[in-house]
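Taking it in order: structure first as structure tokens, then the write-up.
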Amino acid sequence: MTATPILQIEDLRISLPTGSDRPYALERFNLVVNPGEIVCLVGESGSGKSLAANAVMRLLPEPHVRVTGGRILLDGIDIVTKSEAEMQALRGDRLSMIFQEPMTALNPQKTVGWQIDEVLRLHTDLDRKARKAKVLEILGDVHIPESAYNAYPHQISGGQRQRVMIAMALVMNPRLLIADEPTTALDVTTQKQILHLIKELQRKHGTGILFITHDFGVVAEIADRIAVLRLGDLVESGPAEQILNRPQHPYTRALIAAVPALAPPPEKPLSDAPVVLQSRHLKKTFAARGGLLLGRRKAVTAVKDLSFELRRGETLGVVGESGSGKTTVSRIVTRLLQADSGEVLIDGKDLIHASKAELRAVRKDIQMVFQDPMASLNPRKRVVDLIAQGPIVHGTPKAEARARARELLELVELSPAAAERYPHEFSGGQRQRIGIARALAMQPRVIVADEPVSALDVSVQAQVLRLLADLRDRLNLSLLFVTHDLRVAAQLCDKVIVMQKGEIVESGPTARVFANPAHPYTQALLGSIPGRNWQPPRLDEPA
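Offset between the sequence shown (1-based) and the numbering used here: plus 633.
So, in structure tokens, the structure goes:
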């Protein structure tokens, strides 16, 4: 490595608006990124990670959030003092960023080729033919077919959209690349491809990379050095091997201790427990759709001939990539989506063919916890009324239902005072606990959880998983747990079914499937887990 860093942040201070939970988003923050080096900036939501990245790009929402101290040196030049016109010349040229959500960062009205070409139009004097050749070359570098040149963002997959973002960021061979959670929403196999691609392009161009993430599996996969942020303070930094295996600061140790291990717990003896939920030969096809502009799309069979059993007190994991049919299954078994054929039996009662009256009686036995609690909780209702609503609809007196709601808040480890507050007043993890309390209010036999921890920080995720496991064991609940996170499945699920293109390709006890996967697809999924060769160290003893 050369002696001169690409990025050098010195004593950076970012001020927050008056009335915020703290005066500074970052205070006396120092960081160095060298050529050809990947530095991972990790920490929970609110730690200041993304604001640090936006400060380097000079994209802070000024004047409310602004740099009030320190320097940001790009190749030795302080960019804090640069004008906006000077920054526009730097962005996309010597300094680029990959954003977390490509669908919101890409222009839906412009083709992929046009959007990458725009970077070249702004920063080079190349003619149209040369620019197109360059765009096709960079598309090849990120393993996207030439046919995508004339495609719009909605016409390509999530993984391909993220590759387009990478192509746009790298087309000018920038000195510094900032990646802000670029793989958070991606399937494990796509995630592996993106991480490999970033490392490949880094080696090819000698780019320095600041990679922002809360996923320690990703960190273990790619980091050369790690910096750990907590509420704006840099609590620990050093070589990746040291931080991952011998963390010193209590906060770093707590984060790493919360990472789910890939080794599943021993099998539980559940073979004698009664079957509570059973699906038989489920099928669901989404009809062909389209119009004059997009043409007619073929019908898609999302679930075909799918059968499984869930026993009392058991957690059955449904795993697979996007498009495998996982969420469709969760919505069919809760009758939020009507199956074309097949049966879903709860204690022998068929949900699929139930009348409205029969469905109302059975539905209290199966409740759902959604992926995004904020989208599933009515923002105009107080928490106590959200939890009590279901029992009241089913005939429970209002006073009794509200009293039970307060008890449930304590059961999910929230203060009784939370009852009178609104959903927006809680953190993501707390809102998910409210969603669990609402599901429990109906005293169900089965809870269907659709990616309930995918958007949570690792420590909050660990708390919610422990809560679900504890409630399952205390209340003898059965859980149908939909997830693409195989580390989470390993820790919570007694059995798993692995889905690909609407079919179950493998099933069995989690420990057995993870230790000895039989199907090539399962093998590929397990082989793609970021940092799979790193196991979080035991941190029971003090550092």
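Built from N, CA and C at the ideal position, the CB exists for glycine as well.
Predicted model, so just to flag it, every value in this text is computed and none were measured.
Expected contact under 8 Å - CB spacing of residue i and residue j to nearest Å
| i | j | result |
| --- | --- | --- |
| residue 1002 | residue 920 | Actually they do not touch by this definition, with Cβ atoms about 29 Å apart. |
| residue 709 | residue 645 | About 16 Å; that fails the 8 Å criterion. |
| residue 894 | residue 1168 | 6 Å |
| residue 883 | residue 1004 | Not quite, the Cβ-Cβ distance comes to about 31 Å (not below 8 Å), so this is no contact. |
| residue 1042 | residue 1051 | 6 Å |
Where residue i sits in the DSSP three-state scheme
| i | result |
| --- | --- |
| residue 1164 | coil |
| residue 805 | coil |
| residue 640 | strand |
| residue 1004 | coil |
| residue 1031 | helix |
| residue 1114 | strand |
| residue 1156 | helix |
| residue 678 | coil |
| residue 982 | strand |
| residue 871 | strand |
Residue(s) in a DSSP beta bridge with residue i
| i | result |
| --- | --- |
| residue 863 | 866 |
| residue 812 | 731, 844 |
| residue 999 | 1079 |
| residue 673 | 844, 859 |
| residue 793 | Its beta-bridge partners do not exist; DSSP assigns none. |
| residue 1042 | BP columns for residue 1042 are empty, so no partner. |
| residue 1169 | Answer is none; residue 1169 lacks a bridge partner. |
| residue 974 | 916 |
| residue 710 | 707 |
Span of the beta strand (DSSP E) around residue i
| i | result |
| --- | --- |
| residue 663 | 657-666 |
| residue 912 | 908-919 |
| residue 1142 | 1136-1142 |
| residue 1218 | There is no way to answer for residue 1218, as the model of the chain reaches only from 634 to 1176. |
| residue 1208 | Missing from the structure shown is residue 1208; the chain here goes from 634 to 1176 and no further. |
| residue 938 | 933-944 |
| residue 777 | Unbroken run through residue 777: none, as it is neither H nor E. |
| residue 1016 | Segment 1016-1026 is the alpha helix (DSSP H) holding residue 1016; no beta strand (DSSP E) there. |
| residue 1130 | 1128-1133 |
C-beta contact flag for residue i and residue j at 7 Å
| i | j | result |
| --- | --- | --- |
| residue 1075 | residue 989 | no |
| residue 752 | residue 725 | yes |
| residue 936 | residue 961 | yes |
| residue 1113 | residue 969 | no |
| residue 1214 | residue 1049 | With the chain covering 634 to 1176 only, the question about residue 1214 has no answer from this structure. |
| residue 705 | residue 689 | yes |
| residue 608 | residue 910 | The shown model of the chain, from 634 to 1176, leaves out residue 608, and the question about it has no answer. |
| residue 658 | residue 681 | yes |
| residue 812 | residue 844 | yes |
| residue 1115 | residue 1083 | yes |
| residue 794 | residue 807 | no |
| residue 821 | residue 1137 | no |
| residue 965 | residue 979 | no |
| residue 801 | residue 749 | yes |
| residue 1097 | residue 967 | no |
| residue 664 | residue 647 | no |
| residue 783 | residue 757 | no |
Residue range of the alpha helix (DSSP H) that includes residue i
| i | result |
| --- | --- |
| residue 683 | 682-690 |
| residue 963 | 959-966 |
| residue 956 | Element bounds for residue 956: n/a, residue is neither H nor E. |
| residue 835 | 821-838 |
Closer than 7 Å to chain D by CB, residue i
| i | result |
| --- | --- |
| residue 1045 | In summary, chain D is missing from the structure at hand, where a single protein chain is found. |
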